[in-house]
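Novice: Input: one structure, supplied below.
Number of protein chains: 2
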Amino acid sequence: MHLLDYFLNIHFKRSQGCFAIFGFLDCPMKKKEKITIHDIAMEVGVTASTVSRALNNHPRISPATKKMVLEAAKAINYKPNRIAAALRHGKSKLIGIIVPTINRNFFSSIVRGIEEYANARDYKVMISQSYDDYKKEVETIDALLDARVDGIMVSLGKNTHSFAHFESVIQKGIPLVFFDRTTDELDVNQVIIDDYSAAYQATNHLIDQGYRHIAHFTSHMKIKIYLERLRGYRQALLDNGIHFDAKMVVESNMQLDGGRNSARFLLDQSFGFDAIFSASDYAIVGALQELKKNKVKIPQEVGLIGFSNEPFTEFTEPALSTVDQKAISIGENTAALFFEMINGDPRPKPRIKKVLDANLIIRTSSSRIPNIQLNTNSTNPE
Amino acid sequence: MHLLDYFLNIHFKRSQGCFAIFGFLDCPMKKKEKITIHDIAMEVGVTASTVSRALNNHPRISPATKKMVLEAAKAINYKPNRIAAALRHGKSKLIGIIVPTINRNFFSSIVRGIEEYANARDYKVMISQSYDDYKKEVETIDALLDARVDGIMVSLGKNTHSFAHFESVIQKGIPLVFFDRTTDELDVNQVIIDDYSAAYQATNHLIDQGYRHIAHFTSHMKIKIYLERLRGYRQALLDNGIHFDAKMVVESNMQLDGGRNSARFLLDQSFGFDAIFSASDYAIVGALQELKKNKVKIPQEVGLIGFSNEPFTEFTEPALSTVDQKAISIGENTAALFFEMINGDPRPKPRIKKVLDANLIIRTSSSRIPNIQLNTNSTNPE
DNA sequence: TTGAAAGCGGTACCAA
DNA sequence: TTGGTACCGCTTTCAA
Chain A
21 MHLLDYFLNI
31 HFKRSQGCFA
41 IFGFLDCPMK
51 KKEKITIHDI
61 AMEVGVTAST
71 VSRALNNHPR
81 ISPATKKMVL
91 EAAKAINYKP
101 NRIAAALRHG
111 KSKLIGIIVP
121 TINRNFFSSI
131 VRGIEEYANA
141 RDYKVMISQS
151 YDDYKKEVET
161 IDALLDARVD
171 GIMVSLGKNT
181 HSFAHFESVI
191 QKGIPLVFFD
201 RTTDELDVNQ
211 VIIDDYSAAY
221 QATNHLIDQG
231 YRHIAHFTSH
241 MKIKIYLERL
251 RGYRQALLDN
261 GIHFDAKMVV
271 ESNMQLDGGR
281 NSARFLLDQS
291 FGFDAIFSAS
301 DYAIVGALQE
311 LKKNKVKIPQ
321 EVGLIGFSNE
331 PFTEFTEPAL
341 STVDQKAISI
351 GENTAALFFE
361 MINGDPRPKP
371 RIKKVLDANL
381 IIRTSSSRIP
391 NIQLNTNSTN
401 PE
Chain B
21 MHLLDYFLNI
31 HFKRSQGCFA
41 IFGFLDCPMK
51 KKEKITIHDI
61 AMEVGVTAST
71 VSRALNNHPR
81 ISPATKKMVL
91 EAAKAINYKP
101 NRIAAALRHG
111 KSKLIGIIVP
121 TINRNFFSSI
131 VRGIEEYANA
141 RDYKVMISQS
151 YDDYKKEVET
161 IDALLDARVD
171 GIMVSLGKNT
181 HSFAHFESVI
191 QKGIPLVFFD
201 RTTDELDVNQ
211 VIIDDYSAAY
221 QATNHLIDQG
231 YRHIAHFTSH
241 MKIKIYLERL
251 RGYRQALLDN
261 GIHFDAKMVV
271 ESNMQLDGGR
281 NSARFLLDQS
291 FGFDAIFSAS
301 DYAIVGALQE
311 LKKNKVKIPQ
321 EVGLIGFSNE
331 PFTEFTEPAL
341 STVDQKAISI
351 GENTAALFFE
361 MINGDPRPKP
371 RIKKVLDANL
381 IIRTSSSRIP
391 NIQLNTNSTN
401 PE
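Put into structure tokens, the structure is as follows:
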């Protein structure tokens with residue numbers, strides 16, 4: 021394998037000293053500093069206004085001069101100054117995004133969706149993280165306003181139970197869109213997935229697999245997605261003639277440790293359970309660890325299903341069933357909504373609410389029927 | 021559990037119709053549009069220049085007027101227009117960051133480090149993702165230049181083997197800093213961890229645990245971090261009197277599937293192996309899956325260690341040893357370097373290279389000594 | 001179809 | 001210490 025030796029050698033050689041690859045680096049004479057539309061105007065022999073029109077394909081310009089301007093611009097490597105343009109027509113062509121944390125596949129995928137949609141329309145995106153901290157979220161709104169963004173897209177932090185900081189955004193007439201973690205306490209357009217239906221399907225799937233004592237892991241009910249998931253879970257139980265028992269609903273921070281504790285709690289209780297539907301993937305992994313530590317067999321004895329389709333749900337043993345939230349699609353729809361708002365009615369009378377469908381992903385952690393068809397340790401065989 | 025019923029009820033009530041919480045939403049009369057320093061000047065009875073000085077705590081201003089201006093500004097809820105300021109003094113107070121993908125704990129933590137350091141200094145951050153796509157990286161540089169950022173911080177994409185797109189950044193005199201995935205082919209300041217030493221330690225740890233036939237998973241050698249990790253691995257072997265065998269170095273995309281394939285490859289070969297040091301956590305998870313599928317016992321038969329301390333390395337069974345790269349610290353140092361550059365010499369003669377130490381995290385996947393002290397199935401007992 | 005000129009909201013120089 | 005003013009680069013009316 022010569023290649024390896026080659027690279028190893030290269031390295032040693034390089035360590036001896038630094039190459040000056042670009043001669044112009046230390047070159048004292050500078051290039052022409054800044055190129056503006058006036059330079060182009062000079063070049064072509066017209067005025068700056070004409071150049072501006074040519075560059076922004078304004079209707080009132082002759083094809084001939086337009087062509088000349090465009091060519092000259094390319095020739096002298098002109099780059100428009102968006103800041104100047106922004107100052108002039110009061111549009112920064114910047115979109116601010118606030119997510120609890122970008123360090124989640126779900127959120128980063130949404131951001132990707134927004135980004136691609138926006139970039140295609142010559143808008144840039146500014147990402148901020150609230151870290152689920154209310155104070156930070158308030159500050160961030162302020163920072164984005166400071167940066168004069170043209171619109172703000174927010175997924176609310178877990179601890180955000182007051183919404184006064186969005187008033188100034190609304191008041192300034194800056195388009196505001198909520199996605200995923202939203203609230204109904206504010207009259208704001210939003211893009212969400214059908215959490216209710218997804219939770220219903222997930223619970224139903226567990227029931228199909230013969231589980232009957234299904235616990236639910238959730239977080240604060242002030243956050244709508246958790247309320248919706250609880251409602252879906254509850255309805256699925258009721259529709260299958262299973263008693264909804266509030267004792268089976270365990271609230272936590274929905275992190276790894278929260279999941280562990282919640283599982284611990286269930287194990288310690290006397291009422292028994294044979295499945296968990298968690299509103300978070302992190303919590304279900306915590307539960308998985310705790311259950312395995314206690315020699316509980318998954319999915320034979322307890323079925324598990326999470327929420328969000330985080331990449332690691334594929335890595336666990338067994339692989340975890342979960343709900344895919346079509347993050348990219350949420351992002352695209354959120355961005356699309358923003359563009360609808362700036363092009364049409366910025367604050368439509370009945371608020372717009374886009375509800376997307378989620379996808380149930382069935383993996384091993386909730387599948388006991390295929391291989392153990394006869395195992396009927398549940399009390400209510402179908 | 022009344023609380024649940026409470027929330028469930030609330031929901032149903034709310035579904036009936038939308039509340040108009042903020043009366044002013046549909047209020048036809050608008051608030052005062054934009055508040056500028058001229059408004060303050062008018063209010064206080066001075067000129068705009070004086071207001072500007074007061075706001076930017078310029079030395080040449082009397083405490084009395086300064087106080088009046090500040091109070092007036094607060095009273096009429098003035099917000100400075102950064103765009104106008106940016107246009108005037110040619111500084112956007114924006115920093116551009118390019119990472120391959122933000123959807124990695126490592127990168128998002130770095131970004132967090134940069135963000136906090138920069139925000140504390142009144143700079144904002146613009147995050148872009150290259151998705152390891154060379155073309156996208158080039159475009160993104162252009163987009164950031166377009167946005168007139170004051171500096172750019174980059175972690176190179178996996179497929180970036182040409183660096184011409186950074187020339188224009190350097191040429192424009194915009195501070196450029198590379199972090200983590202860097203190159204020496206460009207004379208640019210950089211912040212990296214000591215990959216060589218970290219790899220050395222990791223390999224050494226495996227040897228300490230009695231493993232002797234240690235394979236290495238790597239990616240393209242053009243990326244310096246992989247070269248360094250390979251070098252550390254190699255040196256650790258040599259220093260322990262173990263033959264370095266290029267056959268044991270397996271190259272892949274370092275994703276989950278790459279790891280699976282590489283493990284498959286090792287299993288298919290005749291030369292045997294009893295440990296893997298992977299330069300990526302994703303690849304080592306892939307290997308773990310493949311090995312488990314083949315009933316290989318971890319860590320008894322094969323020891324594993326990854327790189328990056330991704331959160332999921334804690335979730336696997338067994339938990340994976342890995343290398344923590346102190347991402348936040350990388351971020352802070354990268355930002356600090358930027359501020360050194362804008363305050364002092366933007367392109368110091370000998371390039372600055374900050375090298376941070378990494379942390380070996382030992383978990384179950386590489387620990388067989390504690391419990392199986394007597395198991396000496398290796399040929400070279402220490 | 002093109003040009004002239006007035007700003008967008010701050011900043012910074014020069015003069016007072 | 002303050003005021004007057006030109007200007008950053010681009011957009012956009014109004015006139016020609």
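Residue numbers (this note's numbering), protein chains in the order written: chain A, 21 to 402; chain B, 21 to 402. Note that the Cβ used here is the ideal one computed from N, Cα and C, for glycine as well. For clarity, every value in this text was computed on a predicted model and none was experimentally measured.
Do the stretch 317–326 of chain B and the stretch 380–390 of chain B make contact, defined as three or more Cβ pairs closer than 8 Å?
Specialist: yes
Novice: Under a Cβ-count criterion, where at least 16 other Cβ atoms within 10 Å of its own Cβ denotes burial, should R108 of chain A be classed as buried or exposed?
Specialist: exposed
Novice: Starting from I130 of chain B, follow its DSSP beta bridges and name the residues at the other end.
Specialist: I130 of chain B pairs with nothing; no bridge assigned.
Novice: So is E91 of chain A buried or exposed if we call it buried at 16+ other beta carbons inside 10 Å?
Specialist: exposed
Novice: List, from N- to C-terminal side, the alpha helix (DSSP H) runs of 4 residues or more that fit wholly inside the stretch 345–376 of chain B.
Specialist: 347–363
Novice: Over what stretch of residues does the alpha helix (DSSP H) that includes G193 of chain B continue unbroken?
Specialist: Looking at the DSSP string, G193 of chain B is not in any alpha helix (DSSP H), and its letter there is neither H nor E.
Novice: Given this structure, state the Cα-to-Cα distance separating D277 of chain B from I304 of chain B, to the nearest angstrom.
Specialist: 10 Å
Novice: Specify the secondary structure class of S217 of chain A as computed by DSSP and reduced to three states.
Specialist: helix
Novice: Look at the alpha carbon of I389 of chain B and the alpha carbon of S175 of chain B, and state the distance between them as a whole number of angstroms.
Specialist: Taking the straight line joining both Cα atoms gives about 38 Å.
Novice: Could you please tell me which residues of the stretch 124–156 of chain B, in chain order, have their CB closer than 9 Å to any CB of chain A?
Specialist: R124, N125, F127, S128, S129, V131, R132, E135, N139, K144, V145, M146, I147, S148, Q149 and Y151
Novice: When the cut-off is 8 Å and only beta carbons count, does N101 of chain B lie next to chain A?
Specialist: yes
Novice: Keeping to the same chain, check which residues put their C-beta closer than 8 Å to that of T336 of chain A; ignore five residues upstream and five downstream.
Specialist: V305, L308 and S385
Novice: Compare the Cα-Cα distances from K156 of chain B to each of A:S148, A:E136 and A:V169 and report the closest residue.
Specialist: Cα-wise, what sits closest to K156 of chain B is A:E136.
Novice: Report the CB separation of L376 of chain A from H225 of chain A in whole angstroms; it is logged as a contact under 8 Å.
Specialist: Not quite, the Cβ-Cβ distance comes to about 19 Å (not below 8 Å), so this is no contact.
Novice: Give the DSSP-derived three-state secondary structure of F237 of chain B in the structure shown.
Specialist: strand
Novice: Is V336 of chain B close to chain A, meaning its C-beta is less than 8 Å from at least one C-beta of that chain?
Specialist: It should be pointed out that residue 336 of chain B corresponds to Thr in this sequence rather than to Val. With 8 Å as the cut-off, T336 of chain B counts as an interface residue toward chain A.
Novice: Which whole-angstrom value is the C-beta distance of A163 of chain A and S148 of chain A, which I expect to be below 8 Å?
Specialist: 7 Å
Novice: When you compare the CB positions of V71 of chain B and I55 of chain B, do they come within less than 8 Å of one another, or not?
Specialist: no
Novice: Would K267 of chain A and F285 of chain A be called neighbours here (beta carbons separated by less than 8 Å)?
Specialist: No, the Cβ-Cβ distance between K267 of chain A and F285 of chain A is not below 8 Å.
Novice: Roughly how many angstroms separate the alpha carbons of A356 of chain A and A138 of chain A, rounded to a whole number?
Specialist: If you draw a straight line from the Cα of A356 of chain A to the Cα of A138 of chain A, it comes to about 8 Å.
Novice: Which residues in chain A sit within 7 Å of V305 of chain B, going by Cβ to Cβ distance?
Specialist: F335
Novice: With a threshold of 7 Å on Cβ separation, who are the neighbours of V316 of chain A within its own chain once the five nearest residues in sequence on each side are excluded?
Specialist: The answer, listed in chain order, is V322.
Novice: Residues of chain A with CB under 9 Å from I243 of chain B, in chain order?
Specialist: What I243 of chain B touches in chain A: nothing, since even the nearest Cβ is about 10 Å away.
Novice: Measure the C-alpha to C-alpha separation of M361 of chain B and K113 of chain A and round it to an integer number of angstroms.
Specialist: 28 Å
Novice: Say whether the stretch 293–304 of chain A touches the stretch 236–247 of chain A, bearing in mind that this needs 3 or more beta-carbon pairs closer than 8 Å, one atom from each stretch.
Specialist: They touch, by the three-pair rule.
Novice: What first and last residue would you give for the beta strand (DSSP E) that runs through A295 of chain B?
Specialist: A295 to S298
Novice: Leaving out the 5 sequence neighbours to the left and right, which residues in its chain are closer than 8 Å to I122 of chain A when beta-carbon positions are compared?
Specialist: These residues qualify, in order along the chain: S128, V131, I147 and Q149.
Novice: Which residue's Cα is closest to the Cα of V89 of chain B: B:G110, B:A106, B:D59 and B:G116?
Specialist: Between V89 of chain B and the set B:G110, B:A106, B:D59 and B:G116, the nearest pair of CA atoms involves B:D59.
Novice: Could you name each continuous alpha helix (DSSP H) segment of 4 residues or more that falls completely within the stretch 137–199 of chain B, going from the start of the chain to the end?
Specialist: 154–166 and 187–191
Novice: May I ask which residues mark the beginning and end of the alpha helix (DSSP H) holding E330 of chain B?
Specialist: Per DSSP, E330 of chain B belongs to no alpha helix (DSSP H) and is neither H nor E.
Novice: Only counting the same chain, and skipping five residues up and downstream in sequence, which positions put a Cβ closer than 6 Å to that of A68 of chain B?
Specialist: I57, H58 and A61
Novice: Ignore the nearest five residues each way along the sequence and tell me which others in Q221 of chain B's own chain have a CB closer than 6 Å to its CB.
Specialist: L380
Novice: Given that S112 of chain A touches chain B, what residues does it touch there, using C-beta distances under 8 Å?
Specialist: I103
Novice: For L165 of chain A, go through chain B and note every residue whose CB falls closer than 8 Å to its CB, in chain order.
Specialist: K99
Novice: Please state the DSSP three-state secondary structure of I381 of chain B.
Specialist: strand
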